[in-house]
Structures are given as structure tokens and as C-alpha cells.
Amino acid sequence: PRVGVIVVAAGSGSRLGADAPKAFVGLDGHTMLRHALRGVFDGPTAQVVIVVPRGREGDARTDALEAAGDRRDLVTVVTGGDSRQASVAAGLAALWGDVEVVLVHDAARALTPAAVFARVADAVANGRGAVLPVLPVVDTIKQVDGDAVAAAVDRDVLAAAQTPQGFRRDILDTAYRVADRDYTDDAALVAAAGHQVFTVAGDPLAFKITTPADLERARAVLTPRTT
Ligand code: CTP
Ligand code: MG
């Protein structure tokens, strides 16, 4: 396929503090990874590279084969690294030769709708070299200096970044090759390599599960209402 999706799921989830690596924590009957893969496989046809902690490769394959349906031949599972960036790099190394557009997605954004994958992939296909989904910032933001407010920040110039973030493959490959430190996301790494990054609309359901409160929120979203 022309598109490759790298799902990074190799983190430990230290802030969540569960007894399994975060992507393998259950939301309902299914793990976070399995939910994340549902959005991926309902999106554009793509090679799907799943990056997992050492020792979890078999569990990931089980989740992937369940989620993939008739796309099971498109699944690749690889072992991740010590940082998110190292895990993405491991995913990049596993992409097939025909892939020209790469989407990088956090398994921790487990409830991301397929439409976001389509939106990001379309923007790259239509000529944007680097694209990320964003949400407007709803809180009033202050710049602070210790406990003092230094300045108000105009909300209109801010946006909250999500994943999947999409890139022309050559741009992402080169940016990873020249990266000289850890960046907070792939868009920042690509921007540091000199590329303009563009935004598309994100989705509230693409929130990242980081803390136990986030996990509760995800489980509540999945619980059918009884009243
Ligand atoms: N990730 C990864 N490899 C790492 C670290 C993180 O693949 N070495 C992935 C996580 O699995 C997650 C995504 O990057 O899907 C975003 O990271 P984060 O939410 O910070 O997850 P963790 O690093 O696992 O959580 P924590 O920082 O609380 O330990
Ligand atoms: Mg982390």
C-alpha cells in the first residue's frame, strides 16, 4: 500500500500505574491497543506497523489479527525502544518499500475515530508534507513565572496537538536521520528539520489516556448508557 501507519505502543505507562504496559490495559473486553487498531483498520488501507515492548509481540499480534479482519496480511509487529522517538524509528525501519505516506499514532489515543486517519492521510496525499490533527484550546491560558502571572496568552494562536500525525515518507525519514535530540512529537521533529507543518481538525475522542482519570473517561465513553 501507499500508506503506512505506525502505532507506537511500547511505553510502560508509568503515570497510569497499571500492572501491564499501558497499551495492554483493558478498557472493556478489549485492550487499549485493540481499540486503537479498530480506528486504524477502519481508516485508509495501509501497512500497519505496531511497535510494542519486548516480550509483548505475541499479544500484539493477537489483538492485531482480531482487529484487522481481511487486512491481516498488512500487519507488522516490531519491538520498540527506550523513548517514544526510538520506538517510532523502529517502526520506520519496518515500513515496506511502496509506502509513500506515513501516519504515526499513539496507541494511548485508543478511541481515535477512523475519520481522523482519513483526514490526515488525505491532507498529505493532497500535497501537505507534514500534517497534525489539532483541537482548539478551551481553557484560558496564562504564562507564569513561579507563582506570578507573567502574561495572558491569546487562545486563538494556540492549538492542542493530537495523533495520528502524517508525513511524506521521505520527509519523515530524513528528519529522523538528522534529529539530534528528543522531541515531544513527530511534528516538532519534522519542523526542526526545516519543514512547514499544517493542521487539520482533530477529534475530542482522540484524547490521550495518560492518567487513571483518563482511563476512567475512556471506559465511560465505552459504557452503554442505561438511562
Ligand atoms: N511509547 C513508545 N515507546 C516508548 C515510550 C512511549 O512506543 N519508549 C508510546 C506509548 O506506548 C504511547 C505513546 O508513545 O502510545 C505516547 O506516550 P505516553 O502516553 O507518554 O505513554 P507512556 O510513555 O507509556 O506513559 P508514561 O509516560 O506515563 O510512562
Ligand atoms: Mg511517556
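For the sequence shown, my numbering gives the first residue as 49, with consecutive numbering after it. Here a beta-carbon is modelled for each residue, glycine too, at the ideal position from N, C-alpha and C.
message: Measuring straight from C-alpha to C-alpha, what distance separates LEU183 and ALA209?
response: 7 Å
- request: Report yes if the C-beta distance between ALA178 and VAL136 is below 9 Å; otherwise report no.
  value: no
task: In angstroms with no decimal places, state the Cα-to-Cα distance between ASP225 and PRO212.
output: The residue you asked about is not Asp; residue 225 is Arg in the sequence shown. Near 21 Å, if we compare the C-alpha coordinates of PRO212 and ARG225.
- prompt: For GLY59, is the beta carbon positioned less than 8 Å from some heavy atom of ligand 1?
  reply: yes
task: Could you spell out the range, first to last residue, of the beta strand (DSSP E) harbouring ARG216?
output: 213 to 216
field: Through-space distance from MET80 to ALA156, alpha-carbon basis
entry: 7 Å
task: Could you pull out every residue in the same chain whose Cβ sits closer than 7 Å to the Cβ of ALA158, ignoring the five residues on either side in sequence?
output: LEU75, MET80, HIS83, ALA84, ILE257, ALA266
- prompt: ALA200: buried (16+ other C-beta within 10 angstroms of its C-beta) or exposed?
  reply: exposed
task: Below 8 Å on the Cβ atoms is my guess for LEU122 versus PRO49; work out the distance and round it to an integer in Å.
output: 7 Å
message: Just to confirm my understanding: we take GLN133, look at its own chain, exclude 5 residues before and 5 after, and list those with CB closer than 6 Å. What are they?
response: ASP230
query: Just reading off the beta strand (DSSP E) that GLY52 is part of, what are its end residues?
result: 51 to 56
query: In chain order, which continuous runs of the beta strand (DSSP E) of length 3 or greater are located wholly inside the region 66 to 100?
result: 95 to 100
message: Considering only the alpha carbon of each residue, which of LEU220, GLY117, ALA112 lies closest to VAL126?
response: ALA112
query: For THR160, which of helix, strand or coil comes out of DSSP?
result: coil
- prompt: Does the region 164 to 180 touch the region 146 to 154, meaning 3 or more C-beta pairs lie closer than 8 Å?
  reply: yes
- prompt: Assuming ARG203 contacts ILE189 under a Cβ cut-off of 8 Å, what Cβ separation, rounded to an integer in Å, is found between them?
  reply: 6 Å
Inter-residue spacing [alpha-carbon to alpha-carbon] between VAL192 and ALA198: 5 Å
- request: With DSSP as the reference, label PHE246 as helix, strand or coil.
  value: strand
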